[in-house]
Amino acid sequence: MKIDILSLFPDMFSGPMHESIVGKAIEDHLLDIDVTNFRDYSSNKHNNVDDYPYGGGAGMLLQPQPIFDAMAAIDETNQQLPKGRVIILDPGGKPFNQKMAENFASESHLTFICGHYEGYDERIKTLATDEVSLGDYVLTGGELAAMVMIDATVRLLPGVLGNEESAPGDSFSTGLLEYPQYSRPADFRGMQVPEVLLNGNHQLIAQWRRKQALKRTLQKRPDLLDKIKLDRKDFELLEE
Ligand code: ADE
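Heads up, the sequence shown is in this note's numbering, so the first residue is 519 and it goes up one at a time.
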């Protein structure tokens, strides 16, 4: 996968995108990340990228010219790649979720546009296939949001997670929160691992895990239960 990022603060990516699993994906040539500072494309003699909003109001807006020209340069470099998705980071976008990460992971090229200041000149949004928000809060810019989305996407690429790390029971991949897990020792300072996990009966273990995942989701995130289909057995487990 190729990821292009347009940002006024490219250094923000230099540490986080080169550590741990994302860093390893780059080392293993499963991922290539290019960060472009769109200030370098400003046609303004002071290299400005923002201006006051028409109609008045507080703050500054990112102007279209530097971002359009940076995108044209990126397209030129990536001629051999499919266009993929262009994601603009904006608190007014659709809230990011696991389904979006799965969709992003099926592309071979993603471009993230990170805004700063008060927002974007609306015409910049014509470049984007998706307007996405990390959540209902305002960050100082789109960089941290882009990094979170890249992290969630890259771990889904084939070959990125080793078998030991890969988790088909991941929270959200089943639509439920993850069931509780335990490792050794079986007794830690008097806190016991549930007996069912120690007896090697895989059917009973699977049932216990499903029940715990259902109960946990009902308790902490009941909204998630509206989005999935539960069967009769699930309702029985919840009533036990
Ligand atoms: N830029 C500022 N706040 C943001 C948010 N919540 N999501 C995405 N981009 C942002």
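Quick reminder that beta carbons are idealized off the backbone N, C-alpha and C, glycines included. Remember, it's a predicted structure, so these values are computed and weren't measured experimentally.
query, result
"Which residues DSSP lists as bridging Thr554, in chain order", "Leu524"
"Burial state of Asp529 (16 or more Cβ within 10 Å)", "exposed"
"Unbroken stretches of the alpha helix (DSSP H), 4 residues or longer, contained in the segment 604–683", "616–623 and 661–672"
"Rounded straight-line distance, which links the Cα of Glu636 to that of His564", "20 angstroms"
"His564, enclosing alpha helix (DSSP H) - first and last residue", "Unbroken run through His564: none, as it is neither H nor E."
"Nearest-angstrom Cα separation, counted from Gln699 out to Pro712", "10 angstroms"
"Three-state class that DSSP yields for Gln710 in the structure shown", "strand"
"Beta-carbon proximity of Leu607 to Ser538, cut-off 9 angstroms", "no"
"Alpha-carbon spacing of Ile521 relative to Arg728, whole angstroms", "36 angstroms"
"Reduced DSSP secondary structure (H/G/I, E/B, other) of Asp744", "coil"
"Val567: CB within 8 angstroms of a non-hydrogen atom of ligand 3", "The model depicted lacks ligand 3 and carries ligand 1 instead."
"Beta-bridge pairing of Asp705 - partner residues as DSSP gives them", "Gln710"
"Contact set, ligand 1 heavy atom to C-beta under 5 angstroms", "Leu607, Pro609, Ser651, Leu652, Val656, Leu657, Gly660 and Ala663"
"Sheet register partners of Leu580 (DSSP bridge)", "Asp568 and Tyr638"
"C-beta contact flag for Leu580 and Ile642 at 9 angstroms", "yes"
"Arg739, buried or exposed, once every other Cβ within 10 Å from all chains shown has been counted against 16", "exposed"
"C-alpha distance - Leu695 paired with Ile723, whole-angstrom precision", "17 angstroms"
"CB of Tyr559 within 9 angstroms of CB of Asp593, strictly", "no"
"Three-state class that DSSP yields for Ser691 in the structure shown", "coil"
"CB contact flag (Glu625, Pro600, <9 angstroms)", "yes"
"CB contact flag (His500, Phe706, <9 angstroms)", "Nothing can be reported for residue 500: it is not among the residues displayed for the chain, which extend from 519 to 758."
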